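Chemist: As given, the protein sequences belong to chains G and Z, one line each in that order. With our numbering, you'll find the first sequence wraps up at 298, consecutive numbering, no jumps. With our numbering, you'll find the second sequence wraps up at 611, consecutive numbering, no jumps. By construction, the Cβ of each residue, glycine as well, lies at the ideal position given by its N, Cα and C atoms. Source: prediction; values computed, not measured. Supplied in structure tokens, the structure appears directly below.
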Amino acid sequence: MIKKSSPVEKAARMLDLVPYISSHQGIPTSELASEFGITVDELLDDLNSLWMCGDNRFDLIDLEFESGYVTIRNADTLNLIRSLSQQEVVALLIGLDLVEKGLSADRGDLIKDISALRSKLGKSLVRLVDATPAQDGQIISLLRESLDTQRNIEITYFAPTDDEVTQRVVTPLQISTENNRDFLIAYCHAASAQRTFRIDRIQNAIILEEASESISLSSGEDLRISAKIHISRNLRHSRELLGDYVTGEGSDVTVSTYSSGWLSRTVISSAGAMEVRGSSELRSHIAAIAERTLALYR
Amino acid sequence: MSRKSERLVNLTIALLATKRWLTKSQIFSAIDGYEGEPDAMERMFERDKDDLRNLGITIEVGSFDPLFEDEVGYRIRPENYRAEIGSITPRELSLISLATQAWQGAVLDSSALSALVKLKSIGIDSDFDSIPAISPTARVSDKNFAIVVDAIAQRRTISFSYLDQNLHPENRALEPFGAGTKNGFWYVAGRDLDRKGLRLFRLDRFSSDIKVQGKPGSYEIPDDFVMRDLLISPAKANLATIKVRRDKAHLLRSKASTIDEGDEWTTLTVPYVEDTEILADVLWHCNDAFIVEPQQLRQSAITALNELVKCHD
């Protein structure tokens with residue numbers, strides 16, 4: 001939004017302002033700016049430019065906006081809603097897919113609406129896009145609501161590293177996004193500490209009646225451990241598994257993580273593609289687990 | 299700067315309002331901003347036409363008398379300019395609003411917003427009370443995605459560098475057919491021009507910006523192409539029998555088709571596609587899970603564990 005619009009983007013917006021104002025005569029400038037995702041200053045600049053346009057230099061568009069409310073007259077030629085670009089249609093179709101798959105099964109009425117909208121928007125593009133959400137849209141809504149209303153929330157959380165599904169009461173502090181994934185940072189009352197939860201692993205959430213006490217976000221101690229890992233095969237796959245915790249190019253990398261449990265499980269599930277080269281503690285830990293697991297096959 | 303946008307708007311108005319073809323000289327005299335040497339004005343006009351076309355506005359070119367090499371004229375037909383959406387209900391508009399919210403902070407944010415503004419210009423109110431509270435999210439900040447969408451829309455070939463299984467960048471050329479997302483990953487599918495077949499690519503494995511090449515409309519998307527078919531999980535034709543400890547191995551339990559609880563060990567039947575995938579899932583649970591059948595999968599687990607012991611001892 002900070003980015004300044006190009007003249008072409010500005011022209012497109014001016015064209016779209018005309019039918020919008022025509023059907024919303026008297027709209028406050030602040031509301032109009034926010035509908036178009038621009039600042040009031042940018043909007044005033046657009047309106048000042050639009051005011052200089054018209055069928056010819058003696059028959060200009062009649063705009064009134066000094067009062068803080070915008071009205072338009074004498075803009076019949078441009079009072080047409082511009083056809084949607086293919087990129088706009090694709091954005092809507094993907095959004096609608098994500099909405100549809102976030103609906104509960106009993107909302108067949110809305111699913112019908114969405115399929116009607118798809119044909120209105122662009123039949124030919126529908127088969128070319130497909131989107132399935134990575135996380136439950138209703139849970140995000142609940143988390144946002146509990147943040148807004150400052151109430152505690154009870155979550156059911158699956159932690160693969162601990163191989164546990166737990167229920168805990170948390171006070172949400174912040175929703176953050178990292179590498180295209182959403183996380184909830186919250187104060188966990190069971191652990192009496194701040195914890196970070198991957199939102200796609202929250203299986204259920206219930207907002208509690210009790211108001212949350214005010215707890216502030218702490219930066220947290222850095223308790224990371226670091227390990228040297230050699231990758232002998234499946235380089236791309238292995239590095240993707242290690243994700244954001246990896247530094248170093250190629251097949252010899254350093255992994256720093258908060259969880260040694262996660263790291264040893266990841267190395268073992270790589271079925272031999274990854275080898276821990278250091279620390280020696282972690283090496284013998286992995287050898288011991290592998291040995292114990294092997295015993296199950298004897 | 300603002301003169302250019304005013305000129306584009308005035309040009310649009312003039313071409314929309316006219317019932318006859320407008321010649322260049324008529325355009326130059328009627329619209330402010332076309333100034334300077336004739337050559338400079340020509341170039342300005344050519345650029346303006348391209349800019350309007352890039353906005354999706356169709357400018358027709360024609361002449362007054364097709365029998366003569368007359369000077370060509372230009373016009374925009376309102377029926378080509380105008381959106382043909384028909385009617386939209388308040389509830390449908392709320393669903394569209396929700397769909398555009400998914401793009402907040404993501405790469406098609408401004409397209410989603412401008413689409414919403416256009417639909418709101420119809421002048422109906424939303425009815426948010428009729429839809430449940432959900433927050434759809436399209437988490438994609440990769441600008442390659444916007445390029446892919448445009449290339450698909452225009453049927454233009456793209457080329458890019460893609461990391462293979464060993465992380466070596468390979469040059470690929472693709473006629474993109476479709477795009478989508480699943481499990482938080484974003485994909486483009488199309489005909490790979492070197493490998494001569496339909497291929498699926500993950501956007502986070504691109505190691506370069508996409509280059510768009512070739513003319514628009516340089517290929518056709520086959521009638522039977524459906525993006526959903528490519529992203530759908532393949533049928534899990536294989537079955538493994540796996541024993542897991544009581545109250546352990548939640549991940550495997552959630553994938554199991556049958557669960558037979560025992561005293562210490564529970565027996566699961568788990569459908570799967572790839573050996574490597576199920577093997578990784580079982581090994582993840584260390585000594586809380588082991589494979590009973592099929593034999594060759596059980597043997598792979600034993601081999602992997604022996605290798606792990608050997609190289610970490």
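#1: Cβ of Ile589 of chain Z within 8 Å of Cβ of Ala602 of chain Z?
#2: Does DSSP classify Ser361 of chain Z as helix, strand or coil?
#3: Count the other CB atoms, across all protein chains shown, that sit within 10 Å of the CB of Asp59 of chain G; report buried if there are 16 or more and exposed otherwise.
#4: Looking at the secondary structure, which residues open and close the alpha helix (DSSP H) in which Thr455 of chain Z lies?
#5: Quick check on the DSSP output: the alpha helix (DSSP H) that includes Trp582 of chain Z runs from which residue to which?
#6: Express the C-alpha separation of Tyr245 of chain G and Ile289 of chain G in angstroms, rounding to a whole number.
#7: Would you verify that the beta carbon of Arg470 of chain Z is, or is not, closer than 8 Å to some beta carbon of chain G?
#8: DSSP three-state call for Glu100 of chain G: helix, strand or coil?
#9: Taking 8 Å as the threshold (beta carbon to beta carbon), is Phe426 of chain Z in contact with chain G?
#10: When you compare each of Z:Ala487, Z:Glu369, Z:Ala381 and Z:Asp492 to Ile355 of chain Z by their alpha carbons, which one comes out closest?
#11: How about Leu393 of chain Z and Ile114 of chain G: are their beta carbons less than 8 Å apart?
#12: For the alpha helix (DSSP H) that Asp337 of chain Z lies in, which residues bound it at each end?
#13: Less than 7 Å between the CB of Lys123 of chain G and some heavy atom of the ligand SAM, yes or no?
#14: Of all the CB atoms in chain G, is at least one closer than 8 Å to the CB of Arg389 of chain Z?
#15: Where Gln194 of chain G and Ser219 of chain G are concerned, what is the direct C-alpha to C-alpha distance, given to the nearest angstrom?
#16: Establish whether the CB of Leu306 of chain Z and some CB of chain G are separated by less than 8 Å.
#17: Could you check which residue in Z:Asn481, Z:Leu472 and Z:Lys480 has the C-alpha nearest to that of Gly488 of chain Z?
#18: Alpha carbon to alpha carbon, how far is Tyr460 of chain Z from Ile61 of chain G? Give it in angstroms, no decimals.
#19: So is Ala338 of chain Z buried or exposed if we call it buried at 16+ other beta carbons inside 10 Å?
#20: For Glu164 of chain G, which residues does DSSP report across the bridge?
#21: Considering only residues of the same chain and omitting the five flanking positions on each side of Tyr157 of chain G, which have a CB-CB separation below 8 Å?
#22: Under 8 Å by Cβ, that's how I've got Ser212 of chain G and Arg151 of chain G pegged, so tell me the actual separation to the nearest angstrom.
#23: At a CB distance below 9 Å, what residues from the segment 428-461 of chain Z approach chain G? Give them in sequence order.
#24: Ignore the nearest five residues each way along the sequence and tell me which others in Val253 of chain G's own chain have a CB closer than 6 Å to its CB.
#25: By alpha-carbon positions, which one of G:Thr177, G:Thr171, G:Glu210 and G:Phe183 ends up nearest to Ser192 of chain G?
#26: Consider the Cβ of Cys188 of chain G: report whether some Cβ of chain Z lies at a distance smaller than 8 Å.
#27: When the distance is taken between beta carbons, is Leu103 of chain G closer than 8 Å to Leu121 of chain G?
#28: Hey, how far is the Cα of Met299 of chain Z from the Cα of Gln463 of chain Z?
#29: For Phe483 of chain Z, which of helix, strand or coil comes out of DSSP?
#30: Start and end of the alpha helix (DSSP H) containing Pro388 of chain Z?
#31: If you draw a straight line from the alpha carbon of Leu96 of chain G to that of Leu32 of chain G, how long is it in whole angstroms?
#32: Under 8 Å, do Asp573 of chain Z and Ala547 of chain Z count as touching if we go by C-beta distance?
Modeler: On the basis of the supplied data:
#1: no
#2: strand
#3: exposed
#4: Segment Thr455 to Leu461 is the beta strand (DSSP E) holding Thr455 of chain Z; no alpha helix (DSSP H) there.
#5: Asp573 to Trp582
#6: 23 Å
#7: no
#8: helix
#9: no
#10: Z:Ala381
#11: yes
#12: Pro336 to Asn352
#13: Of ligands this structure carries none, so the ligand SAM is not represented either.
#14: yes
#15: 9 Å
#16: yes
#17: Z:Leu472
#18: 51 Å
#19: exposed
#20: G:Ala159
#21: Val165, Thr166, Gln167, Arg168, Phe197, Arg201, Ile202 and Gln203
#22: 6 Å
#23: Ser428, Ile429, Pro430, Ala431, Ile432, Ser433, Pro434, Thr435, Ala436, Arg437, Val438, Ser439, Asp440, Ala444, Val447, Asp448, Ile450, Ala451, Gln452 and Leu461
#24: Ile229 and Val246
#25: G:Thr171
#26: no
#27: no
#28: For Met299 of chain Z, the predicted model reports a pLDDT of 43, less than 50, meaning its position is unreliable; a value from the coordinates is still stated below. Distance between the alpha carbons of Met299 of chain Z and Gln463 of chain Z is about 48 Å.
#29: strand
#30: Pro388 to Gln399
#31: 24 Å
#32: no
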